[in-house]
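Note sheet for the following structure.
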Amino acid sequence: MVNVRVRIAPSPTGSPHIGTAWQALFDYVFAKKHNGKFILRLEDTDRARFVPGSEFEIYETLKWLGFEYNEGPDIGGSFGPYKQSERLDIYKKYSDELLEKGLSFKDEGAVRFRINKSGQASYHDLVGDKDITIQNTTQEDFVILKSDGFPTYNFANVIDDHLMQISHVIRGNEYISSMPKYLQLYRSFNWKPPQFAHLPLLVGSDRSKLSKRHGAKGALEFKKEGFLKEAVINFLALLGWTHPQAKEIFSLDEMIEVFDFKDFNPASAFFDVTKLEWLNGEYIRKTQDSNLKTQIYQYLLQLSDGALSKTDHPTEEEIERLVPLVKERIKKLSDFIPLTSFFYERVEYDQAQFQKLNIKNQNKALETVLKKLEEMEKPWQADVFESTFRKLAEDLGLSASQMFQLIRVAISGQLVTPPLFESIQVLGEEETINRIQAALKFLQ
RNA sequence: GGCGCGUUCGUCUAGCGGUCCAGGACGUCACGUUCUCAACGUGAAGAUCACGGGUUCAACUCCCGUACGCGCUACCA
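Count the first sequence with our numbering and you get residues 13 to 456, in order.
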């Protein structure tokens with residue numbers, strides 16, 4: 013396989029959704045696998061649906077996932093502009109050529125291609141490894157140049173794919189039905205068509221094609237929600253495609269190594285975030301603590317627009333101490349916040365939380381806890397702490413669980429926190445005592 | 001309506017004629033571990049392989065038909 017060149021060709025009609033990222037993944041992987049080029053082309057030919065900022069979101073999405081392209085609208089290349097809106101003269105030239113050959117005709121200011129209705133169009137699809145044949149009678153003369161001078165997708169994709177020397181067209185299977193159009197266009201110019209791989213459709217919860225209209229999430233929203241790019245990529249790879257050794261967890265590099273279109277399942281796939289969350293948790297647990305600390309820090313920075321306030325957000329050092337406590341408990345980076353906010357925020361107590369403990373003489377018990385803590389030799393040792401309070405629980409006729417839960421609620425206001433001893437060590441002796449006093453005050 | 005693609009546990013999927021009364025993963029449930037929650041370990045439930053006909057000694061796997069879903073049928077992409 014020589015000179016592999018593939019492109020992702022999104023339309024800047026809104027935030028790129030996850031389906032775009034999904035297709036980009038296979039473009040990128042295929043290009044890398046064959047030492048080819050991965051190209052970004054912006055198909056901004058629909059002026060009515062054009063959304064100004066969305067091209068930057070496309071760049072950002074590809075950058076976040078690490079799908080670095082070799083040629084594109086923002087970095088150039090050797091095939092002219094990579095935005096179709098800047099290639100109008102090119103489409104005009106080829107449209108004129110067709111007009112001269114009598115293969116197209118003018119129609120109310122637009123130019124239509126004259127479909128040859130006899131015969132059929134056949135091609136081999138890499139996905140499913142099958143031949144597909146469509147009768148030409150199913151096609152109608154179609155517009156190639158709109159009256160505003162912009163080309164239609166049906167025309168521009170053929171012109172650009174040829175001019176940009178695209179070797180493999182990887183796109184959604186909604187284009188299969190239009191293959192006769194493309195094949196006739198290639199033939200009109202005497203161009204050799206590229207190879208085609210029509211990917212299955214990604215569908216939403218309503219089983220229809222993933223789209224913004226149907227509530228598909230923007231790809232970047234996953235970043236905002238605290239998903240790791242490695243997990244997102246791994247998850248996307250699992251949709252429609254299967255690792256030949258049936259592995260569930262693998263890296264991009266590994267995927268590149270084993271990738272083949274034959275491992276695609278041509279059926280539509282439903283994007284279900286539950287498995288992504290599991291995978292994300294797996295990746296978080298696999299991440300080195302120091303790396304995870306950095307990622308959480310960056311994540312929090314990004315959330316607050318780079319303005320992390322010292323007073324109510326953890327510092328990098330604080331995060332570093334918290335990471336081992338939360339690593340096994342978070343599925344997304346965002347989970348860090350509710351799990352740890354009590355460390356650096358004022359505790360808001362709630363009577364109901366204490367009541368759930370179902371402890372008689374609760375205040376008295378807590379007073380005793382406070383007394384024990386004040387007597388305990390500093391710095392507190394985890395094992396001493398544990399044995400002290402297990403003993404105390406026994407003396408007070410409480411279960412160990414009740415005892416530790418009482419302390420937990422008293423220092424955090426929550427029934428669920430990271431492990432108690434470690435949490436207290438992060439909090440420090442003074443703060444712990446302060447909080448228990450505050451809890452007592454609240455209860456009285 | 002026409003044409004195309006598809007149809008295996010809730011979800012993602014394995015399966016390419018016998019090894020499948022269908023395997024894995026997520027999720028769910030139970031149990032274990034346990035200071036809570038997780039993580040971890042063990043186990044369970046969960047798919048008459050859309051349906052009906054063929055072909056074959058043998059079909060989830062091949063063929064035909066039907067149903068259903070989705071897509072295309074735009075001067076959207």
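Every residue gets a Cβ at the ideal spot worked out from N, C-alpha and C, and that includes glycine.
A residue is called buried once 16 or more other Cβ atoms fall within 10 Å of its Cβ, and His136, having fewer, is exposed. Non-local C-beta neighbours of Arg297 in its own chain, meaning closer than 8 Å and more than five positions away in sequence, comprise Lys339, Glu340, ordered along the chain. In the DSSP annotation of this structure, Val244 is not part of any beta strand (DSSP E); the continuous alpha helix (DSSP H) holding it starts and ends at 241 to 250.
Comparing alpha-carbon positions, the option among Arg53, Gln417, Gly161, Lys95 lying closest to Lys105 turns out to be Gly161. Under the three-state reduction of DSSP, Ile308 is assigned to helix.
By alpha-carbon distance to Val428, the top candidate from Phe283, Phe355, Glu443 is Phe355. Ala60 sits in coil when the DSSP states are folded into three classes, being neither helix nor strand. Under a 10 Å Cβ-count criterion, Asp143 is classified as exposed, with fewer than 16 other Cβ atoms of the shown protein chains found around its own Cβ. For Lys49, no alpha helix (DSSP H) run applies; the uninterrupted beta strand (DSSP E) run containing it begins and ends at 49 to 52, by DSSP. For the set Leu369, Glu294, Thr254, Asp284, the Cα lying nearest the Cα of Lys241 is the one of Glu294. In this chain, Asp317 is not harboured by any alpha helix (DSSP H), its DSSP state being neither H nor E. Contact between Val41 and Phe271 holds: their C-beta atoms lie close to 5 Å from each other, under 8 Å. Distance from Ser200 to Ile156 at the Cβ level is roughly 10 Å; contact not present, criterion being Cβ atoms closer than 8 Å. DSSP, read as helix, strand or coil, puts His46 in coil. Apart from the 5 residues on each side of it in sequence, Tyr194 sits with its Cβ closer than 6 Å to the Cβ of Val170 in its chain, given in chain order. If the five residues before and after Ile331 are omitted, its C-beta is found closer than 7 Å to the C-beta atoms of Lys305, Ile308, Tyr309, all from its own chain and listed in chain order. Taking the Cβ atoms as the reference, Leu52 lies roughly 4 Å from Gly84, within the contact range of under 8 Å.
Cα atoms of Gln132 and Ile188: separation of roughly 13 Å, rounded to the nearest angstrom. Rounded to whole angstroms, the Cβ separation of His180 and Val14 is 12 Å, and the two are not in contact under 8 Å.
Residue pairing for Pro163: DSSP places it in a beta bridge opposite Leu157. Per DSSP, the beta-bridge partners of Arg183 are His210.
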